Every structure is written in C-alpha cells, then in structure tokens.
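Visitor: First the structure, which I've put down as structure tokens, then a few questions once you've had a look.
Residue numbers (the UniProt record's numbering): 1 to 188.
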C-alpha cells in the first residue's frame, strides 16, 4: 500500500549523461580521405588521438606520444583495449582484433623494408603503395569497431573535413611535389 506522499511524488525521467568517448571517433569517409591524401601519415595522428582519448577516459597511465612514436609495438595493445571495452559494454562487434594487429605489424615491417631498401632483393616500387592500401583496409575495420563501441557507427560526430585537415593535406601535397621535383631534377 502506498502512502499519499508517495502517490503525489512526481516521477521524473532521468537521462544518463553521455560518457566521454574512450577512443577516437571518425567517419570512414573522412578516414579514407585523410589517410590517402596524407599518404598514410594520418595513421600517426589517429594513433595519438586514440591513446590520448583512452587515457583521458580511463585515467590509465599511458603516454600517448611514446605509444604513437613506437606505434607498431603498441598496436596490439590498442586493439586489445578496444576489444576489452567492447566486451565490458556488451557491444557485439565481430572484427578479429588479433589478426588485424598481426597484419598491421607485418605490413608495417614490409613497408619499411621496401621504402628504406628499394634495391634490396624482392623490393618493388609498388610494395609501399600496396602496404598503404592494406593498412587502410585493416584500420577501417578497427575504426568501425571503435565507432560501434562509441554508439556512433557512422562516425557522424567527426565526419567533416576541417581547416586543420586541409592544412595537413596541403602540407603533404607540398612535400610530395618537392620530392618529385627533386627526383626529376636529379635525373636531368
């Protein structure tokens, strides 16, 4: 039996506060554009933003800059942290984090080998481009997992190309132009 005081107490709907994202959210289209137009250097920024966002959200004792500089050594750890957060939040998403981490690590070493030793046995000029595209494919799967974890499957909250993005794209363009110009002038 309820008392008159309980009957007159209004029931208010409490909306939960939106939790801070645990990882860096970005739309697939923006990721593709930034990754390709910066020739893969967006990966470095992406790693840093993921580690920094994770550190802020969890108060974990991680050093984002160190984990970015030594990215290939920490990519497995990042994937496992994403997978753990998916598990904790009861968000089901099939993405094979261990396989993707292994593939990225191998691809990084192949790309580095081909880029820094172009005259080495088995090296081919197309290998760096192929590893760039392979890395893009793998990272899109990782980004999809992050976006699902953060309840933004399309990454809409970070889908627009900003002025800062344009700056980095143009900087890459200038660097590539200078590189091509130098290579052409060296052959003349």
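Even for Gly, the Cβ is constructed at its ideal location relative to N, Cα and C. Just so we're clear, the structure is a prediction, and the values are computed from it rather than from any experiment.
Between which two residues does the alpha helix (DSSP H) holding residue 85 run?
Guide: 71-88 is the extent of the alpha helix (DSSP H) around residue 85.
Visitor: Within the chosen definition, does the segment 101-115 reach the segment 144-163 through at least 3 CB pairs nearer than 8 Å?
Guide: Cβ pair count under 8 Å is below three, so no.
Visitor: Nearest to residue 74 by alpha carbon, out of 88, 86 and 102?
Guide: Measuring from the Cα of residue 74, the nearest candidate turns out to be 102.
Visitor: If contacts are defined as beta-carbon pairs under 8 Å, then residue 138 and residue 100 qualify, I think. What distance do you get, rounded to the angstrom?
Guide: The pair is a contact, with the Cβ atoms about 5 Å apart (cut-off 8 Å).
Visitor: Please classify residue 90: is it buried, with 16 or more other beta-carbons within 10 angstroms of its beta-carbon, or exposed?
Guide: It counts as exposed.
Visitor: Rounded to the nearest angstrom, what separates residue 133 and residue 81 at their Cα positions?
Guide: About 24 Å.
Visitor: Report, in whole angstroms, the separation of the C-beta atoms of residue 155 and residue 28, which I expect to be a contact under 8 Å.
Guide: Residue 155 to residue 28, Cβ: 7 Å. Contact.
Visitor: Under the three-state reduction of DSSP, which class applies to residue 50: helix, strand or coil?
Guide: Reduced to three states, the DSSP call for residue 50 is helix.
Visitor: What do you get for residue 174, buried or exposed, if any count of 16 or more other CB atoms within 10 angstroms of its CB means buried?
Guide: Exposed, because fewer than 16 other Cβ atoms sit within 10 Å of the Cβ of residue 174.
Visitor: When the Cα atoms are used, what is the spatial distance from residue 58 to residue 180?
Guide: Roughly 44 Å separates the two Cα atoms.
Visitor: DSSP on residue 64, reduced to helix/strand/coil?
Guide: The answer is helix: DSSP assigns residue 64 an H, G or I state.
Visitor: Counting along the chain, where does the alpha helix (DSSP H) carrying residue 160 start and finish?
Guide: Note, residue 160: premise wrong, no alpha helix (DSSP H); not H, not E.
Visitor: To the nearest whole angstrom, what separates the beta carbons of residue 97 and residue 83, a pair I think is in contact under 8 Å?
Guide: About 4 Å separates the two Cβ atoms, so the contact holds.
Visitor: Please state whether DSSP places residue 40 in a helix, a strand or coil.
Guide: It is coil, neither helix nor strand.
Visitor: To which residues of the same chain is residue 153 closer than 7 Å at the C-beta, ignoring the five residues directly before and after it?
Guide: Same-chain partners within the cutoff: 147.
Visitor: Once the 5 residues before and after residue 47 are set aside, which same chain residues still bring their CB inside 6 Å of it?
Guide: Once the five neighbours on either side are set aside, the close Cβ partners of residue 47 are 68 and 71.
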